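Participant:
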Amino acid sequence: MSTTNDASRPAQEGLALQAATTADEVCAVQLAHRLSLPLLTTGIDLAHFTLARAVLVVSGQALYLQQTGRGVPGPVAVNFGSPGMRHRSRSGTSELLGKAVGYGKKTPLRILDATAGLGRDAFVLADLGCEVLMCEREPVILEMLRCGLQSATSSSDIWLSGVVQRMRLCSQDARHVRAKEVQGMDVIYLDPMFPQRTKSAAVKKEMALFQLLLECSADPQDADALLAWAWEQDTARVVVKRPSKAPNLATLKPSHCIEGKSVRYDVYVHRKLF
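Residue numbering for the sequence shown follows the numbering used here, starting at 511 and increasing by one per position.
(1) Between the C-alpha atoms of R647 and Q682, what's the straight-line distance to the nearest angstrom?
(2) Hey, could you find the ends of the beta strand (DSSP E) M451 is sitting in?
(3) Taking the CB atoms as reference points, tell me whether L525 and L722 lie closer together than 8 Å.
(4) Name the DSSP bridge partner or partners of K690?
(5) Given 8 Å as the limit, is there contact between the region 669–686 and the region 548–558, that is, 3 or more CB pairs closer than that?
(6) Rounded to whole angstroms, what is the Cα-Cα separation between V779 and L635?
(7) Of all the options Q675, C680, N589, which has the alpha carbon lying nearest to the alpha carbon of C640?
(8) Nearest to R781 by alpha carbon, out of T745, S665, G594?
(9) Is there contact between the region 589–601 and the region 753–769, where contact requires at least three CB pairs shorter than 8 Å?
(10) Give the secondary structure of H780 by DSSP, where H, G and I count as helix, E and B as strand, and everything else as coil.
(11) How about V777 and A529: do their beta carbons lie closer than 8 Å?
(12) Quick one: residues in its chain with C-beta nearer than 7 Å to the C-beta of A738, no 5 flanking neighbours on either side, listed in chain order?
(13) Do D534 and R588 have their beta-carbon atoms positioned less than 8 Å apart in this structure?
(14) Please report the straight-line C-alpha distance between R656 and K771, rounded to a whole angstrom.
(15) Measuring CA to CA, which of P585, G570, R544 is closest to R563?
(16) Across which residues does DSSP place E653 in a beta bridge pair?
(17) Around the C-beta of E742, are 16 or more other C-beta atoms found within 10 angstroms, so that it is buried, or is it exposed?
(18) Do you know how far the Cα of L566 is from the Cα of L607?
(19) Going by C-alpha distance, which of G694, D623, W669 is nearest K751?
(20) In the DSSP assignment, what residue or residues form a beta bridge with H766?
(21) Just verifying my parser: in three-state terms, what is the DSSP assignment at V611?
(22) Just the Cα atoms here: how many angstroms apart are V749 and T532?
(23) Sort A735, L619, M654, A557 by Cα distance to G627 and report the nearest one.
(24) Could you check the C-alpha separation between V697 and V650 for me, to the nearest Å?
(25) Per DSSP, what are the beta-bridge partners of D623 in this structure?
(26) Work out the CA separation of S765 and V642 for me, nearest whole Å.
(27) Among G694, S664, S546, which one has its Cα closest to the Cα of P618?
(28) In the structure shown, what three-state DSSP assignment does V748 receive?
As structure tokens, then:
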């Protein structure tokens, strides 16, 4: 399927792109070319569209990913100013994450988020005052992150625009970041994708879409390899987010764990933060 509004053939790897309105079509064409995605005709009802499993929608300054079909969950987007993000940045979850990375032991604390995803943990860390370099290698997620950062940066909300000033985006695998840049970090943070045992519809829809994006390229051993790489770097500590009852990554025993109700943070310490 080309970017000529031809929706008659199946989308490659189950993903396509669409402009929400005719005003979004120029941007949609450019993004479709950049991501090598088929472009659907504007106005196609995604609830009745079956030739792609999910569609990346360009809507004004926003980007969101929507599953197709009837009765599917709502769209997923990177919105750092959402009520959910505002609540999380002030919740006990942020305290656990902050404790795991060593927040308060050094200012500013520099963190390499090697698995940025939708950027939510990175935002929480930046809200605590950390400087965060986010690495994301999946092109669609990367574009969503970029869009979310741009929206937050231009926001009239001083708090929101101030937090994202402490966040930088790197469009590659963390293992390919320049050695000098990694050496300037205090902590490497990993949140490898895992099946969430939760009744939260929001988590379920995000995991389903992440599985769709990553299923063709994900290596089951990749998380173990990423931890092995992170542990070899000259940082004070490595922190890994895991389901509370999941085994350790790479069978590597952490120095200590920070336990939450559904997740835990495995902390691997090289030296003190100073």
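Where a beta carbon is used, it is the ideal one built from N, C-alpha and C, also for glycine.
These figures come from a predicted structure and were not determined experimentally.
Facilitator: The short version:
(1) Straight-line spacing of the CA atoms in R647 and Q682 works out to 5 Å.
(2) It is not possible to answer for residue 451, since the shown part of the chain is limited to 511 through 784.
(3) Yes, Cβ-Cβ distance for L525 and L722 is below 8 Å.
(4) DSSP lists no partner for K690.
(5) Here the region 669–686 does not lie against the region 548–558, with fewer than 3 beta-carbon pairs under 8 Å apart.
(6) Roughly 19 Å separates the two Cα atoms.
(7) The option with the nearest alpha carbon to C640 is Q675.
(8) That would be T745, whose Cα lies nearest to the Cα of R781.
(9) Segments in contact, no.
(10) The answer is coil: DSSP assigns H780 none of H, G, I, E or B.
(11) Taking 8 Å as the Cβ cut-off, V777 and A529 do not qualify as a contacting pair.
(12) When the five nearest sequence neighbours on each side are left out, the beta carbons in the same chain lying within less than 7 Å of the beta carbon of A738 are those of A760, in order along the chain.
(13) In the sequence on display, residue 588 carries Val and not Arg. Cβ distance not < 8 Å, so V588 and D534 don't count as in contact.
(14) Near 31 Å, if we compare the C-alpha coordinates of K771 and R656.
(15) The residue with the shortest Cα to Cα distance from R563 is P585.
(16) In the DSSP output, where bridge partners are listed per residue, E653 has none listed.
(17) Exposed is the call here.
(18) Cα atoms of L607 and L566: separation of roughly 30 Å, rounded to the nearest angstrom.
(19) Proximity to K751 across G694, D623, W669 peaks at D623, based on C-alpha coordinates.
(20) For H766, which the question treats as bridged, DSSP gives the partners V777.
(21) V611 falls in the helix class under three-state DSSP.
(22) If I take the Cα positions, the gap works out to 45 Å.
(23) Proximity to G627 across A735, L619, M654, A557 peaks at M654, based on C-alpha coordinates.
(24) In a straight line, the C-alpha of V697 is about 26 Å away from that of V650.
(25) DSSP output for D623 lists M644, Y699 as bridge partner(s).
(26) Approximately 23 Å between the Cα atoms of the pair.
(27) Residue G694 is the option with its Cα nearest to P618.
(28) Three-state result, V748: strand.
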